[in-house]
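Colleague: Heads up, the sequence shown is in our numbering, so the first residue is 428 and it goes up one at a time.
Don't be surprised by glycine CBs; every beta carbon is placed ideally from N, CA and C.
Quick caveat, the model's predicted, so the values are computed rather than measured.
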Amino acid sequence: RNMLSARYLLAICLVGSASAFMAPSSLTLRAPRASAVSSMKMQQKTVDILDQVEQIKLLTAVAESGLLSKIEKDGLLSKLEQQGALSKVEKLLPIADQVGAISLAKNAANIPAGTLKTVAVVLALAEVGVIAAVPDNSSGLIAAQAVSAAAIISAFVPLWIASSLLEVLQGTAPAKLPKF
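#1: Grab the span of the alpha helix (DSSP H) containing I538 for me, first residue to last.
#2: Under three-state DSSP, which class holds D565?
#3: What residues in its chain sit with their C-beta under 8 angstroms from that of G443, if we drop five residues either side in the sequence?
#4: So what does DSSP say about Q510, is it helix, strand or coil?
#5: Using a Cβ-Cβ cutoff of less than 8 angstroms, which residues in the same chain neighbour T455 once the five nearest sequence positions on both sides are dropped?
#6: Just to check my reading of the structure: I579 and A540 have Cβ atoms closer than 8 angstroms, yes? What is that Cβ distance to the nearest angstrom?
#7: Does the stretch 584-601 come within contact of the stretch 469-489, defined as at least 3 CB pairs closer than 8 angstroms?
#8: Less than 7 angstroms between the beta carbons of S590 and K515, yes or no?
#9: So, using beta-carbon positions, are A536 and V474 closer together than 7 angstroms?
#10: Quick check on DSSP: helix, strand or coil for Q597?
#11: Quick check: the Cα distance between K500 and L494, rounded to an integer number of angstroms?
#12: Could you pull the start and end residues of the alpha helix (DSSP H) that L495 belongs to?
#13: Of the choices V489, A560, Q479, E481, whose alpha-carbon is the least far from that of L604?
Structural data, given as structure tokens:
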């Protein structure tokens, strides 16, 4: 009986060793090649801002929110006119053309919203690490912590807001505005 078990064990070992020298089976799982992965990334859908505004029904959301009525009621445009803001904007329009503002906006609209949120979270976690690692034993170090916290917050908030706007623009979140 022990002799029979030893033979089976030896046969299994020999078959297992021999399979190491055989050509791979057509059923083996293969990882995708780097070129396939990069081509998938390149096929990522780009966002056409005007098409997306129409698709998410942003104009309807603005109308239903009462935003324009609120602006009119508060006389915001009149105040802007009195301060000469519209003529100042008018002077900036050629500069916007020179720097390619439309192309920049289009490229920015195609940044994945999750990327911005990830950067924001990484910054916040890095700040937690700074606060934990830097000792609180002098006013200079405490001031350094406060300055770094202010810098991180000033980066975190716009990143988070921009990612939320991109989620709406890219169609991953509905266009819902608060009632004014």
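Modeller: Looking at the coordinates:
#1: Looking up residue 538 in the sequence shown gives position 111. Per DSSP, I538 belongs to no alpha helix (DSSP H) and is neither H nor E.
#2: Looking up residue 565 in the sequence shown gives position 138. Before going further, note that residue 565 is Ser rather than Asp in the sequence given. The three-state reading of DSSP puts S565 in coil, since its state is none of H, G, I, E or B.
#3: The residue you call residue 443 lines up with position 16 of the sequence shown. Note that G443 has pLDDT 46, beneath the 50 cutoff, so the model's placement of it is unreliable and the number below is only indicative. Contacts found: none.
#4: In the sequence shown, counting from the first residue as 1, residue 510 sits at position 83. In the structure shown, the three-state DSSP call for Q510 is coil.
#5: Here residue 455 refers to the residue found at position 28 when the sequence shown is read from its first residue. Bear in mind that a pLDDT of 44 at T455, under 50, signals an unreliable position, so the number given afterwards is only what the model happens to contain. By the criterion of a C-beta distance shorter than 8 angstroms, T455 is surrounded by no residue of its chain, once the five residues flanking it on both sides are discounted.
#6: Taking the sequence shown and counting its residues from 1, one reaches residue 579 at position 152. Taking the sequence shown and counting its residues from 1, one reaches residue 540 at position 113. Between A540 and I579 the Cβ distance is about 20 angstroms, and since that is not below 8 angstroms, they are no contact.
#7: The stretch 584-601, when compared against the stretch 469-489, does touch it at the 8 angstroms Cβ threshold.
#8: As a working note, residue 590 is residue 163 in the sequence shown. As a working note, residue 515 is residue 88 in the sequence shown. No; because the gap between Cβ atoms is not below 7 angstroms, this pair is not in contact.
#9: As a working note, residue 536 is residue 109 in the sequence shown. As a working note, residue 474 is residue 47 in the sequence shown. V474 is positioned such that its CB atom lies closer than 7 angstroms to that of A536.
#10: Here residue 597 is taken as the residue at index 170 of the sequence shown, counted from 1. Looking at Q597 - three-state DSSP - the assignment turns out to be coil, as it is neither helix nor strand.
#11: In the sequence shown, the residue the question calls residue 500 occupies position 73. In the sequence shown, the residue the question calls residue 494 occupies position 67. CA-CA distance, K500 to L494, rounds to 10 angstroms.
#12: As a working mapping, residue 495 is identified with position 68 in the sequence shown. In this chain, the alpha helix (DSSP H) harbouring L495 covers 494-501.
#13: In the sequence shown, the residue the question calls residue 604 occupies position 177. The residue with the shortest Cα to Cα distance from L604 is V489.
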